[in-house]
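Under my numbering, think of the first position of the sequence shown as 420, with each following residue one higher.
Presented below is the structure to which this report refers.
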Amino acid sequence: MEQEVDASHPPSNADFAHDVSVAMELGTGAVSPATDQSGEIPRLSADHKLFFLVVYLAPGDYHRFHSPATWVVERRRHFTGDLFSVSPYIANRLKNLFVLNERVALLGRWKYGFFSMVPVGATNVGSIRINFDETLRTNTHDGNSTKEPHSFSEATYSSASLLRGQPLLTGEEMGGFRLGSTIVMVFEAPKDWKFTVKAGETIKMGESLGQFAGAEEGEPKKVGGGIHVNVGKKA
């Protein structure tokens with residue numbers, strides 16, 4: 420692993436109202452980082468579980484990705500790797516496909532604890548672009564890269580805001596691919612979280628992915644956005 424650097428996009432005065440909106444939604448978790456350089460997922464709360472889903476974007480789909488929830492991105496880990504196809508056919512037959520391929524893990528926190536999104540590279544897919552990270556360089560498979568295969572580099576966004584990370588509101592554009600690819604999401608949520616999508620379904624950007632009963636209001640809370648998903652959970 421290379422030395423950790425700060426890849427924060429310089430904040431501006433125009434960001435203040437945006438960041439306040441994120442802070443208000445996150446509540447007490449607004450200024451408490453959930454990750455560190457150790458690489459370990461933080462210990463889950465006793466009444467929470469770790470959930471995951473895989474968002475597959477076919478070549479004909481929309482290739483930008485948006486924030487599915489209000490959260491703060493604290494750091495990114497860029498893993499060099501292969502560029503195998505991520506089509507459902509290959510994903511079901513090649514073990515550990517998403518560990519073998521190049522990927523950019525965006526790690527942080529939302530109202531309910533740990534939250535992450537991992538854009539994954541694929542065959543014929545150009546660079547993975549992150550709007551708030553101008554230092555990121557992916558898809559350097561031309562023999563000129565100085566990075567070792569299957570190694571990773573680390574960067575933080577600690578100077579991006581007073582929230583000690585890059586704040587994002589639900590639906591905000593985060594970046595994009597060329598052609599199709601895949602995004603893997605792993606996040607902490609209360610045990611009563613339920614996905615409202617089923618494996619293999621195709622949904623449109625902005626539609627809900629799941630919901631759970633709100634702790635205070637007792638009303639359903641939703642997370643939305645994505646295309647063609649596989650879902651699951653880990654105890």
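Glycine included, C-beta positions come from ideal geometry on N, C-alpha and C.
{"query": "What residue from 557, 552, 539 has the CA that sits closest to residue 546's CA?", "result": "557"}
{"query": "Assign residue 527 to one of two classes, buried (16 or more other C-beta atoms within 10 Å of its C-beta) or exposed (fewer than that).", "result": "buried"}
{"query": "Can you tell me whether residue 465 is helix, strand or coil according to DSSP?", "result": "coil"}
{"query": "Output the residue ranges of the beta strand (DSSP E) runs that lie fully inside the stretch 446-498 and measure 3 residues or longer, sorted by chain position.", "result": "467-476, 483-485, 490-498"}
{"query": "Go ahead and label residue 518 buried or exposed: buried means 16 or more other beta carbons lie within 10 angstroms of its beta carbon, across all protein chains shown.", "result": "exposed"}
{"query": "Quick check on the burial criterion: 16 or more other C-beta atoms within 10 angstroms. Buried or exposed for residue 455?", "result": "exposed"}
{"query": "Please name the residue in 609, 531, 474 whose C-alpha comes closest to that of residue 452.", "result": "531"}
{"query": "Between residue 618 and residue 599, what straight-line distance do the alpha-carbon atoms span, to the nearest angstrom?", "result": "18 Å"}
{"query": "Keeping to the same chain, check which residues put their C-beta closer than 7 Å to that of residue 510; ignore five residues upstream and five downstream.", "result": "516"}
{"query": "By the 10 Å Cβ neighbour count, where 16 or more other Cβ atoms means buried, how is residue 498 classified, buried or exposed?", "result": "buried"}
{"query": "Across which residues does DSSP place residue 424 in a beta bridge pair?", "result": "574"}
{"query": "Identify whether residue 505 lies in helix, strand or coil by the three-state DSSP scheme.", "result": "coil"}
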